[in-house]
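Chains as they are written, first to last, in our numbering: chain A, 1 to 251; chain B, 252 to 628.
Beta carbons are placed, not taken as given, at the ideal position from N, Cα and C, and that holds for glycine.
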Amino acid sequence: MTEKVKIDVRNLTVGYGDYVLLHDAEYQVKQGDVFIIMGGSGCGKSSMLRVLTGLIPPLKGSVVIDGTDIANASMEEVQKIRTKSGILYQSGALFSSMTLAENIMLPLQQYTDYSPATIRELASLKLALVGLTGFDDFYPSEISGGMKKRAGLARALALDPDIVYFDEPSAGLDPISSHNLDDLILEINQSLGTTIVVVTHELASIFAIGNNSIFLDAETKTILARGNPKELLKNPPNEAVYKFLTRGEGK
Amino acid sequence: MLTVLKHQKNNVQVVVQNNAAKIILSGDVLECDSDNIVQQVQKFSAENLKSISFEAQTLEKWDSSLLVILYETLRVAQANGINVNMSDLPQNLQDLMKLAFADDRKPTHDDSQFSWLESLGKKIIDLWETISQVCKFLGKTTVSVGKFLSGQSIMRGVDFYSALNDCGPKALAIVSLISFLVGLILAFVGAVQLQTFGAQIYVASLVTIGMCRIMGAIMVGIIMAGRTGSSYAATIGTMQVNEELDALQTMGMPATDFLVLPRLLALVLAMPILTMLSDIMGMIGGAFIGVFMMQIPYQEYWKYAFDAFTLKNFLVGIFHGFCFGIIIALCGCYSGLHCGRNADSVGLATTKSVVCAIVWMIVVTGIITIICQELGL
Chain A
1 MTEKVKIDVR NLTVGYGDYV LLHDAEYQVK QGDVFIIMGG SGCGKSSMLR
51 VLTGLIPPLK GSVVIDGTDI ANASMEEVQK IRTKSGILYQ SGALFSSMTL
101 AENIMLPLQQ YTDYSPATIR ELASLKLALV GLTGFDDFYP SEISGGMKKR
151 AGLARALALD PDIVYFDEPS AGLDPISSHN LDDLILEINQ SLGTTIVVVT
201 HELASIFAIG NNSIFLDAET KTILARGNPK ELLKNPPNEA VYKFLTRGEG
251 K
Chain B
252 MLTVLKHQKN NVQVVVQNNA AKIILSGDVL ECDSDNIVQQ VQKFSAENLK
302 SISFEAQTLE KWDSSLLVIL YETLRVAQAN GINVNMSDLP QNLQDLMKLA
352 FADDRKPTHD DSQFSWLESL GKKIIDLWET ISQVCKFLGK TTVSVGKFLS
402 GQSIMRGVDF YSALNDCGPK ALAIVSLISF LVGLILAFVG AVQLQTFGAQ
452 IYVASLVTIG MCRIMGAIMV GIIMAGRTGS SYAATIGTMQ VNEELDALQT
502 MGMPATDFLV LPRLLALVLA MPILTMLSDI MGMIGGAFIG VFMMQIPYQE
552 YWKYAFDAFT LKNFLVGIFH GFCFGIIIAL CGCYSGLHCG RNADSVGLAT
602 TKSVVCAIVW MIVVTGIITI ICQELGL
């Protein structure tokens with residue numbers, strides 16, 4: 001049985017104005033993948049994520065998500081795709097004027113017809129799923145960085161998305177919190193069947209969760225390698241990838 | 252030819268002989284005048300120098316000033332094709348120089364310089380983009396207001412009440428104080444001049460007309476631009492830095508509905524009321540001077556003040572307040588929404604919001620004045 005392609009990136013050029021970060025990128029993310037976008041600083045990982053989520057338009061090429069090319073789609077179509085996607089930002093990006101529960105309730109109030117009581121229960125459930133039971137009425141400023149990320153993840157999961165994007169999930173976390181977040185990502189992937197796209201350069205996370213990946217190179221502005229990160233480490237296609245995956249040891 | 256440059260204080264000597272320079276380092280090389288030595292090396296390099304070597308067997312302590320000498324010497328040598336022999340330098344210094352010149356650690360960036368024509372073109376493009384952004388922002392805000400009026404807005408009531416509380420009750424004290432003082436100053440300045448004609452009683456009319464017609468609204472506008480408009484820019488700008496605006500966008504929630512609309516409505520509602528308060532406080536400030544300093548009887552002062560009060564002037568002032576509310580909210584929110592992603596940008600957005608609001612308030616005041624003149628108001 002062929003696996004369904006969730007994201008199909010064709011001939012994609014990413015950049016800002018005349019400044020090209022990455023050109024002619026082509027890759028596919030299959031349903032249920034934990035797909036890693038990796039590479040050194042400044043190679044365009046986060047910009048790639050911004051293109052995938054429709055925050056910035058590509059300079060060229062197409063990003064087809066569930067059959068819709070978001071680069072050429074109408075606002076309504078993009079909106080439809082967005083409601084099926086969740087994003088966990090580097091900082092959690094929780095709305096500081098709202099409690100954790102209110103943060104999660106926001107997309108539910110906007111896009112569902114549930115009663116206020118059900119929405120409140122759903123918010124509590126999502127918080128419980130990420131290990132934040134009882135933190136409903138806490139404000140983001142009252143919790144730790146790791147908890148903020150978990151709460152951000154709970155909000156990303158609010159609408160039961162098909163795809164969840166993670167932007168540097170381990171950034172700013174201690175090794176244990178980072179490991180716990182990796183476990184949580186895998187649990188969500190396995191128990192909910194959610195496709196996961198992670199932008200990271202954290203090697204421990206890459207090897208722990210990724211089953212498919214691309215390696216972006218800042219120098220050539222291309223994708224230098226693709227495949228399972230563990231396989232890439234065993235059979236590195238080039239020196240740059242091997243250096244990255246071995247923390248600069250080289251052959 | 253043998254040239255010896257001694258820097259005894261710092262134990263650095265530059266010896267030049269037969270187109271070869273030797274830099275001799277001895278003892279402690281601390282806090283030395285690296286610039287002077289580098290200049291000498293540059294001078295010799297321009298005079299057909301072929302090689303540079305070092306002697307450092309007796310070198311003991313050193314600091315970053317020695318590293319500067321080495322780094323700049325190597326740069327000069329590289330630029331002029333001069334051979335450099337570092338083998339006599341201590342290994343740690345050699346390693347540091349290798350690290351400083353390592354090619355693979357240099358970030359790749361575009362060094363291209365713009366010509367004046369390109370810069371001009373870039374500025375025109377930037378201006379066009381700004382105009383386009385402003386138009387988009389105004390369009391989206393208009394749509395949000397339309398959605399609100401037709402009951403389809405996603406604006407949260409709690410955000411509106413919070414914004415209203417912030418720009419209403421919490422602003423009463425500062426608006427009252429400043430308006431009282433402005434009325435007082437207006438009366439004082441006017442009274443001094445009117446007294447020379449024995450017409451000090453007209454200070455009541457001067458203050459009443461001045462405050463009600465324009466000064467009350469202008470003072471409230473300036474206070475609120477500095478107090479509330481800047482706060483809008485800083486709050487929304489910080490949300491930009493924290494990626495909260497990205498989160499809103501990816502959740503499909505228009506920032507204009509969610510962030511701009513409650514603030515706009517709150518200010519539009521609060522500003523006319525604050526303008527009324529400012530008018531009253533300004534008149535009280537004027538009365539303070541009139542009654543206590545100019546010795547005008549209390550009843551007489553207020554009689555003249557009420558005689559000078561007209562509904563027309565009052566409504567023109569309130570209309571100013573209404574327009575200023577829109578301007579302050581839009582400038583504050585626009586600056587916040589188009590803020591960059593670092594702390595500096597938040598400061599810049601805050602400044603821009605205040606400057607922009609005050610400039611536009613003055614422009615709009617001019618426009619309203621001309622319209623009122625034409626309409627005979």
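Per DSSP, what kind of secondary structure is residue i in: helix, strand or coil?
| i | result |
| --- | --- |
| Leu-276/B | strand |
| Glu-249/A | coil |
| Leu-216/A | strand |
| Phe-560/B | coil |
| Val-385/B | helix |
| Ile-609/B | helix |
| Ile-473/B | helix |
| Ser-62/A | strand |
| Met-38/A | strand |
| Met-1/A | Only weak support exists for where Met-1/A lies, its pLDDT of 47 falling under 50; the value from the coordinates is given anyway. Of the three classes helix, strand and coil, the one that applies to Met-1/A here is coil, per DSSP. |
| Ala-101/A | helix |
| Tyr-549/B | helix |
| Thr-195/A | strand |
| His-23/A | strand |
| Asn-336/B | strand |
| Gly-669/B | The displayed coordinates of chain B run from 252 to 628. Any statement about residue 669/B would go beyond what the structure contains. |
| Glu-311/B | strand |
| Gly-15/A | strand |
| Gly-54/A | coil |
| Phe-305/B | strand |
| Asp-162/A | coil |
| Ser-141/A | helix |
Is it buried or exposed for residue i, if we count other Cβ within 10 angstroms and need 16 for buried?
| i | result |
| --- | --- |
| Thr-393/B | exposed |
| Lys-148/A | buried |
| Asn-493/B | buried |
| Asp-217/A | buried |
| Glu-231/A | exposed |
| Trp-630/B | The requested residue 630/B is not part of the displayed model; chain B covers only 252 to 628. |
| Leu-371/B | exposed |
| Pro-229/A | buried |
| Asn-299/B | exposed |
Let me make sure I understand the geometry here. Which of the options has the alpha-carbon closest to that of residue i?
| i | options | result |
| --- | --- | --- |
| Arg-478/B | Leu-389/B, Val-458/B, Cys-582/B, Gly-408/B | Cys-582/B |
| Thr-489/B | Phe-411/B, Leu-599/B, Gly-390/B, Ser-456/B | Leu-599/B |
| Lys-126/A | Asn-235/A, Glu-3/A, Gly-152/A | Gly-152/A |
| Glu-495/B | Pro-161/A, Ser-47/A, Asn-103/A | Asn-103/A |
| Pro-161/A | Pro-175/A, Ile-143/A, Gly-193/A | Gly-193/A |
| Ala-414/B | Ile-473/B, Leu-347/B, Leu-510/B, Ala-455/B | Leu-510/B |
| Val-292/B | Ser-277/B, Lys-273/B, Glu-282/B | Lys-273/B |
| Ser-456/B | Cys-574/B, Leu-432/B, Gln-268/B, Tyr-555/B | Tyr-555/B |
| Ser-178/A | Ile-209/A, Leu-157/A, Gly-54/A | Ile-209/A |
| Ile-436/B | Leu-400/B, Met-544/B, Ile-425/B | Met-544/B |
| Leu-49/A | Ile-176/A, Glu-3/A, Val-9/A | Val-9/A |
| Val-443/B | Gly-537/B, Ile-609/B, Ala-330/B, Trp-611/B | Gly-537/B |
| Gln-90/A | Thr-112/A, Ser-141/A, Pro-169/A | Pro-169/A |
| Glu-3/A | Gly-17/A, Asp-33/A, Asp-18/A | Asp-33/A |
| Val-289/B | Leu-325/B, Leu-516/B, Ala-271/B, Gly-572/B | Leu-325/B |
| Ile-376/B | Val-241/A, Gly-248/A, Asp-18/A | Asp-18/A |
| Ser-46/A | Ala-71/A, Ala-171/A, Arg-150/A | Ala-171/A |
| Ile-524/B | Val-542/B, Gly-568/B, Ser-481/B | Gly-568/B |
| Asp-215/B | Leu-276/B, Met-532/B, Glu-369/B, Val-280/B | Here chain B has residues from 252 to 628 only, and residue 215/B is not among them. |
| Ser-97/A | Ser-366/B, Arg-464/B, Val-319/B, Asp-410/B | Asp-410/B |
| Tyr-16/A | Ser-205/A, Gly-44/A, Asp-24/A, Ile-143/A | Gly-44/A |
If contacts are defined as beta-carbon pairs under 8 angstroms, then residue i and residue j qualify, I think. What distance do you get, rounded to the angstrom?
| i | j | result |
| --- | --- | --- |
| Ile-163/A | Tyr-27/A | That belief does not hold up - the Cβ atoms of Ile-163/A and Tyr-27/A are roughly 14 angstroms apart, past 8 angstroms. |
| Met-221/A | Leu-21/A | Just to set this straight, residue 221/A is Lys in the shown sequence, not Met. About 7 angstroms; that satisfies the 8 angstroms criterion. |
| Ala-438/B | Val-458/B | 5 angstroms |
| Ile-119/A | Leu-108/A | 5 angstroms |
| Arg-592/B | Gln-500/B | That belief does not hold up - the Cβ atoms of Arg-592/B and Gln-500/B are roughly 14 angstroms apart, past 8 angstroms. |
| Ile-547/B | Gln-451/B | 7 angstroms |
| Ala-559/B | Ile-465/B | The pair is not a contact, with the Cβ atoms about 14 angstroms apart (cut-off 8 angstroms). |
Interfacial residues, the stretch 115-132 of chain A to chain B, with Cβ spacing under 7 angstroms: none
Please list the residues of the stretch 499-512 of chain B that have a C-beta atom closer than 7 angstroms to any C-beta atom in chain A, keeping them in chain order. Gln-500, Thr-501, Met-502, Gly-503, Met-504
Of all the residues that make up the stretch 476-493 of chain B, which are near chain A by a beta-carbon distance shorter than 7 angstroms? Asn-493
Can you list, in chain order, the residues of the stretch 378-411 of chain B whose Cβ is nearer than 7 angstroms to any Cβ on chain A? Ile-405
Interface residues of the stretch 338-349 of chain B facing chain A [CB-CB below 7 angstroms]: none
Any C-beta of chain B within less than 7 angstroms: which residues of the stretch 142-172 of chain A qualify? none
If you measure beta-carbon to beta-carbon, which residues of the stretch 543-570 of chain B are closer than 9 angstroms to chain A? none
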